[in-house]
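As given, the protein sequences belong to chains A and B, one line each in that order. Using the numbering used here, the first residue of the first sequence is number 1, and each one after it goes up by one. Using the numbering used here, the first residue of the second sequence is number 1001, and each one after it goes up by one. Where is the CB? At the ideal position from N, CA and C, for every residue including glycine. Since the model is a prediction, treat every value here as computed from it, not as a measurement.
Protein chains: 2
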Amino acid sequence: MEFKSSQILSKLATSDQHAENSPYFDGWKAYDNDPFHPTQNPHGVIQMGLAENQLSFDLIEEWIKKNPVASICTREGVDAFKDIAIFQDYHGLPEFRKAVAKFMGKVRGRRVTFDPDRVVMAGGATGANELIMFCLADPGDAFLVPSPYYPAFDRDLSWRTGVKLLPVACESSNNFQITLQALEEAYKNAQKANIKVKGLIMANPSNPLGTTMDKDTLKSLVTFINEKKIHLVCDEIYAATIFRAPNFISISEIIEEVECNRDLIHIVYSLSKDMGLPGFRVGIVYSYNDTVVNCGRKMSSFGLVSSQTQYLLASMLSDEEFIEMFLKESSKRLGNRHKIFTRGLVEGGIKCLESNAGLFCWMDLRPLLKETTFEGEMELWRVIINDVKLNVSPGSSFHCDEPGWFRVCFANMDDETMQIALRRIRTFVGERKEMDAQVNNKRWKKTLRLSFSSRMYYETSLSPHMIPSISTSSFTTCSCDLNIYLKVII
Amino acid sequence: MEFKSSQILSKLATSDQHAENSPYFDGWKAYDNDPFHPTQNPHGVIQMGLAENQLSFDLIEEWIKKNPVASICTREGVDAFKDIAIFQDYHGLPEFRKAVAKFMGKVRGRRVTFDPDRVVMAGGATGANELIMFCLADPGDAFLVPSPYYPAFDRDLSWRTGVKLLPVACESSNNFQITLQALEEAYKNAQKANIKVKGLIMANPSNPLGTTMDKDTLKSLVTFINEKKIHLVCDEIYAATIFRAPNFISISEIIEEVECNRDLIHIVYSLSKDMGLPGFRVGIVYSYNDTVVNCGRKMSSFGLVSSQTQYLLASMLSDEEFIEMFLKESSKRLGNRHKIFTRGLVEGGIKCLESNAGLFCWMDLRPLLKETTFEGEMELWRVIINDVKLNVSPGSSFHCDEPGWFRVCFANMDDETMQIALRRIRTFVGERKEMDAQVNNKRWKKTLRLSFSSRMYYETSLSPHMIPSISTSSFTTCSCDLNIYLKVII
């Protein structure tokens, strides 16, 4: 029986609006197909596209061993099993909300306090992002978002809600800082196009930039949204990843200083980055708007945190001494890692945007572009993933306005793997420069050796291991493009 | 600064479409305000509105004590902590999907097998229900649903998706079984009203009926949806609660026998009822449609099961011997509880719809109605919750077409509490009959004593404990109505 599935399914199911076709996600697939392993697959792809905080797990494991009563799945804690296994109140365990509120305050240097009754649970930051959009905007309404921005925002904020995202371009010329002028312009353009702007959403600390906003900028943003009577959603999921000055300033501190309608202010939070627990799916919406809190709680039903996990975290986050130590140590380790990694890049001649937070660097690879276009960027990206075997993420997938920038994550691997990654990058940059010189030389001589096959190039400059992974790669387009690319540069 | 929140928020946030204003949810609030406790609050409200399976927790607790390595939060299992804490692949842990697929087959008597690659994760059945609607229907499209049906379907299936639910009335005259005639009629009416029907969704075993569908009915439903080229979504979350003959027949068995387009068949599953673990938020969509599986997986991002929980359950569900024993024992305990409970009701003169599954009975209180209307039903419900202090759920909240039916849950309490509940019911029915006789007597004599205040009635017929709980009750409307009601019946 023949049947066109597109007729019977929803538009969501039959369109590509989920935005998971970008290189950001493709890079993950490349990694999955050929993951690096120090002994079993030393020539595999190193995953540098994943913003994970893996540097402080030993601390959490130690805590767990010392606190068996915090788990309902230990002899010491099993007496609580029944009550916790049936707990499905979408308000969340009171102890959990209390602990999260306290933790949020601590991460912000105790300069502000958070009310547990405003903590709304969601399924990770992904769920929290969608939840807040469902509360604030109707299908067709729009949110301004400074670009470059997190690639999955398109999925999280737009896909099922029907909310539009309007990028506000930030530029390298002023270190990608958002300007009021760009904001005003984007707002006006939307009005001209008859699009209802419901708010501004931004990540602070920024993903992918790894930078934080200064007080004046934050104040001006609050003034802007307050004047326009639109919402400000602050994604602060990297709040505890600050590893050097300047310190993080939360929007919760700003609204203590600037007069504004608090009904317009909302924070998205999570434990995925700051505690390094993305698998636990703890997403939080903290809203100063009562109606949003009430409505958001009902929406919590769709993405409740497992009560087993709530219970464990309520206990862990309430351990003040441990949390104090963890935050300090985690920040220190991130700082060390950042320092070693960026130094390694500099040795290879690669600069990054100056940053003070996050689990990644915003790498400036413009000097390596064959042409200053997004095609040139994709070309370079394919070489990096297929030949250099590093999964980094091209700026275009972050909606960056300028080609040549790449996000590279540095906290989801051990020291040895990072060193291998650095070596690969340096070797690549070196070879590239040499090749460029050769090409220029040849161009100058105008002796184009068309008979020199790309295959030969492969076999001489790549390890044997890498050949099959390219030919069996899941992106046929990449392999093709790569062939074309190699032919061009030879 | 004055601000109308309705202007700045979404329609979802400012309307009441979340359907949580029904007596089904109000009853929970009444319980929360005054929860029964055998010693601390013996006159409190007994929760009989919650379909929880609490009879077999001891078995799970025993298993947990014997299997410390199944938890990442034990000394024995902590070595897996890091890998699991970062696991956030929306496909789910391979072992988890495999274990769930196997468990689903086992629950269906091993007559069918399930493919782990078709297991899509969601945040509880709530999330699974919404997910499948997002995949199958656009806003404004409709699904047929036999009534009475689960009250939160309105929230889960409709609220954020914009999908309409069209009830297909089932009647007590044939034990609330669905008829093809009613289905065809509902379908035609929708067409006349220019509503696009995208499918039929039904719970089998039924909530609130506690009954299962026979093979012929299931076959005719498959034929119906196949002819109309619409979807069939089977909510089978009570599959393992069968406690006596006839056995459960899954839709997965039927499509082996009836020719149909499998792209139209989808199952919603969960571990909340069958394993009694609602807090763990394990929802599953099992679809025979590849596009739905692919799209559904992307939607899993919004409601992933905590990897901590996936890990534990992967291990537990894979323990064949334990699961075999658990399913058998759980069914036996449910059967015993059902037998004792329904016998107790019969002694009080209350009949229930004959059932073989579920965690509840569908109680026929029509003889107790003052008038055979939904107002009469609500009147009776308020007395039961405010005076008798039992939270049962009125049929109207299940969209039942006939007034006088109530769902009463029997598996979320211990034996003693159940006996107290039964005593309260029997006392109430006895008093009610006596009162009815008096009223009739008085009416006959036409001596209406208007001076006899309702307050006096309270103080003489209710325990002192109950008075404040009525006056401080959160539903002022209920208290008012109750006063009116009392005045009427005196």
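Checklist entry - Using a Cβ cut-off of 7 Å, which residues of the segment 299-330 of chain A contact any Cβ in chain B, in chain order? => result Listed in chain order, the positions of the segment 299-330 of chain A with a beta carbon within less than 7 Å of a beta carbon of chain B are Ser301, Phe302, Gly303, Leu304, Val305, Ser306, Ser307, Gln308, Thr309, Leu312.
Checklist entry - Does the beta-carbon of Val282(A) have 16 or more other beta-carbons within 10 angstroms, so that it is buried, or is it exposed? => result Sequence index remark: in the first sequence, residue 282(A) carries index 282 (1-based). Burial call: buried.
Item to check | Inter-residue Cα distance where the pair is Ile72(A) and Val78(A) | outcome: Within the first sequence, numbered from 1, the residue matching residue 72(A) stands at position 72. Within the first sequence, numbered from 1, the residue matching residue 78(A) stands at position 78. Each residue's Cα considered, the two are about 5 Å apart.
Item to check | 8 Å contact criterion, which Asn1033(B) and Thr1211(B) should meet: CB distance rounded | outcome: Reading the second sequence from its first residue, position 33 is the one you call residue 1033(B). Reading the second sequence from its first residue, position 211 is the one you call residue 1211(B). In fact, because the Cβ distance is near 33 Å, the residues do not count as touching under 8 Å.
Next on the checklist: Considering only their Cβ atoms, is the gap separating Leu180(A) from Met202(A) smaller than 9 Å?
Outcome noted: Here residue 202(A) is taken as the residue at index 202 of the first sequence, counted from 1. Here residue 180(A) is taken as the residue at index 180 of the first sequence, counted from 1. Contact: no.
Item to check | Nearest neighbour of Asp263(A), chosen from Ile284(A), Val293(A), Tyr238(A), Gly276(A) [CA to CA] | outcome: Taking the first residue of the first sequence as position 1, residue 263(A) is located at position 263. For the residues Ile284(A), Val293(A), Tyr238(A), Gly276(A), the minimum Cα distance to Asp263(A) belongs to Val293(A).
Checklist entry - By the 10 Å Cβ neighbour count, where 16 or more other Cβ atoms means buried, how is Ser474(A) classified, buried or exposed? => result By one-based count along the first sequence, residue 474(A) stands at place 474. Any reading at Ser474(A) must be qualified, since the residue scores a pLDDT of 33, below 50, and its modelled position is unreliable; no value is offered.
Next on the checklist: Going by the DSSP bridge assignment, what does Ser1270(B) pair with across the sheet?
Outcome noted: Position 270 of the second sequence, counted from the start, is the residue given in the question as residue 1270(B). The partner list for Ser1270(B) (beta bridge, DSSP) reads Gly1283(B).
Checklist entry - Between Asp156(A) and chain B, is there a C-beta pair that is closer than 9 Å? => result As a first step, residue 156(A) must be located in the first sequence, where it is residue number 156. Yes, contact with chain B.
Checklist entry - Val1292(B) CB to nearest chain A CB: under 9 Å? => result For this step, residue 1292(B) is matched to residue 292 along the second sequence. Chain A contact via Cβ: present.
Checklist entry - Cβ of Glu1062(B) versus every heavy atom of the ligand MN: is any distance shorter than 8 Å? => result The model depicted lacks the ligand MN and carries no ligand whatsoever.
Checklist entry - Exposed or buried, what is Asp26(A) when buried is set at 16 or more other beta-carbons lying within 10 Å of its beta-carbon? => result Along the first sequence, read from residue 1 onward, the residue named residue 26(A) stands at position 26. Per the 10 Å Cβ criterion, buried.
Checklist entry - Which chain B residues are close to Arg111(A), counting only those with a beta carbon under 9 Å from its beta carbon? => result Position 111 of the first sequence holds residue 111(A). Residues of chain B passing the Cβ test: none, with the nearest at roughly 25 Å.
Item to check | beta strand (DSSP E) segments (min. 3 residues) lying fully within the segment 1214-1252 of chain B | outcome: You should have 1231-1235.
Next on the checklist: Alpha carbons only, please: which of Tyr1238(B), Phe1153(B), Lys1198(B), Val1285(B) is nearest the one belonging to Glu1227(B)?
Outcome noted: Stepping through the second sequence from its first residue, residue 1227(B) is reached at position 227. A check of alpha carbon separations from Glu1227(B) across Tyr1238(B), Phe1153(B), Lys1198(B), Val1285(B) identifies Lys1198(B) as the nearest.
Next on the checklist: Suppose contacts are defined by Cβ-Cβ distances below 9 Å. Is Met1418(B) in contact with Phe1360(B) by that definition?
Outcome noted: Position 418 of the second sequence holds residue 1418(B). Position 360 of the second sequence holds residue 1360(B). Their beta carbons are not under 9 Å apart, which means Met1418(B) does not touch Phe1360(B) by this criterion.
Checklist entry - Assuming Phe1243(B) contacts His1338(B) under a Cβ cut-off of 8 Å, what Cβ separation, rounded to an integer in Å, is found between them? => result As a working note, residue 1243(B) is residue 243 in the second sequence. As a working note, residue 1338(B) is residue 338 in the second sequence. About 6 Å separates the CB atoms of Phe1243(B) and His1338(B); that is less than 8 Å, so the two are in contact.
Item to check | Members of the segment 1049-1060 of chain B that neighbour chain A once the beta carbon cut-off is set at 8 Å | outcome: Within the segment 1049-1060 of chain B, the residues whose Cβ lies closer than 8 Å to some Cβ of chain A are Glu1052, Gln1054, Phe1057, Ile1060, listed in chain order.
Checklist entry - Hey, how far is the Cα of Phe280(A) from the Cα of Val1429(B)? => result Here the question's residue 280(A) lines up with position 280 in the first sequence. Here the question's residue 1429(B) lines up with position 429 in the second sequence. Their backbone Cα atoms lie some 49 Å apart in a straight line.
Checklist entry - For a contact meaning CB atoms closer than 7 Å, what does Val1078(B) contact in chain A? => result Your numbering for residue 1078(B) matches position 78 in the second sequence. Those are Glu61, Ile64, Lys65, listed as they occur along chain A.
Checklist entry - Within the chosen definition, does the segment 1041-1052 of chain B reach the segment 1409-1425 of chain B through at least 3 CB pairs nearer than 8 Å? => result Flag = yes, the segment 1041-1052 of chain B and the segment 1409-1425 of chain B touch.
Item to check | Exposure of Gln1310(B), with buried meaning 16 or more beta-carbon neighbours within 10 Å | outcome: For the purposes of this step, residue 1310(B) is identified with residue 310 of the second sequence, where counting begins at 1. Per the 10 Å Cβ criterion, buried.
Item to check | Contacting residues, own chain, Cβ-Cβ under 7 Å from Leu1059(B) (five flanking each side not counted) | outcome: Residue mapping note: residue 1059(B) aligns to position 59 of the second sequence, counting from 1. Within the same chain, Leu1059(B) has close Cβ partners Phe1326, Glu1329.
Checklist entry - Under three-state DSSP, which class holds Cys170(A)? => result For the purposes of this step, residue 170(A) is identified with residue 170 of the first sequence, where counting begins at 1. When secondary structure is reduced to three states using DSSP, Cys170(A) falls in the coil class, being assigned neither helix nor strand.
Checklist entry - Expressed to the nearest angstrom, what Euclidean distance is found between the alpha-carbon atoms of Glu1095(B) and Gly1395(B)? => result As a position in the second sequence, residue 1095(B) is number 95, starting the count at 1. As a position in the second sequence, residue 1395(B) is number 395, starting the count at 1. When rounded, the distance between both Cα atoms is 41 Å.
Next on the checklist: 9 Å is my cut-off, CB to CB: does His18(A) come that close to chain B?
Outcome noted: Here residue 18(A) refers to the residue found at position 18 when the first sequence is read from its first residue. Interface residue (Cβ-Cβ distance to chain B less than 9 Å): His18(A) is classified as such.
Item to check | Integer-rounded CB distance, given that Ser287(A) should sit under 8 Å from Arg110(A) | outcome: Your numbering for residue 110(A) matches position 110 in the first sequence. Your numbering for residue 287(A) matches position 287 in the first sequence. With 8 Å as the limit, Arg110(A) and Ser287(A) do not qualify as a contact, their Cβ atoms being about 21 Å apart.
Item to check | Cβ contact (3+ pairs, closer than 8 Å) linking the segment 229-248 of chain A and the segment 306-325 of chain A | outcome: Counting Cβ pairs under 8 Å, fewer than three are found: no touch.
Checklist entry - Which class does Cys1135(B) belong to by DSSP, given the choice of helix, strand or coil? => result Sequence index remark: in the second sequence, residue 1135(B) carries index 135 (1-based). The answer is helix: DSSP assigns Cys1135(B) an H, G or I state.
Next on the checklist: What are the residues in the segment 1358-1391 of chain B lying within 7 Å of chain A by C-beta distance?
Outcome noted: Within the segment 1358-1391 of chain B, no residue qualifies.
Item to check | Nearest-angstrom Cα separation, counted from Leu1218(B) out to Leu1165(B) | outcome: Within the second sequence, the letter at position 165 stands for residue 1165(B). Within the second sequence, the letter at position 218 stands for residue 1218(B). About 20 Å.
Item to check | Where Cys1507(B) falls: helix, strand or coil (DSSP) | outcome: Limits of chain B in this structure are 1001 at one end and 1490 at the other, which puts residue 1507(B) out of reach.
Item to check | Reduced DSSP secondary structure (H/G/I, E/B, other) of Cys260(A) | outcome: For the purposes of this step, residue 260(A) is taken as residue 260 along the first sequence, with counting starting at 1. Annotated three-state conformation of Cys260(A) is coil, per DSSP.
Checklist entry - How about Cys73(A): is its C-beta nearer than 9 Å to some C-beta of chain B? => result Within the first sequence, residue 73(A) is the residue found at index 73, counting from 1. So yes, Cys73(A) belongs to the interface.
Checklist entry - Rounded to the nearest angstrom, how far is the Cβ of Gly1335(B) from that of Ser1056(B), given a contact under 8 Å? => result Locating residue 1335(B) in the second sequence gives position 335, counting from the first residue. Locating residue 1056(B) in the second sequence gives position 56, counting from the first residue. Cβ atoms of Gly1335(B) and Ser1056(B) stay farther apart than 8 Å, at about 12 Å.
Item to check | Meets three-Cβ-pair contact criterion under 8 Å: the segment 1387-1403 of chain B and the segment 1008-1024 of chain B | outcome: With contact defined as three or more Cβ pairs closer than 8 Å, the segment 1387-1403 of chain B and the segment 1008-1024 of chain B are in contact.
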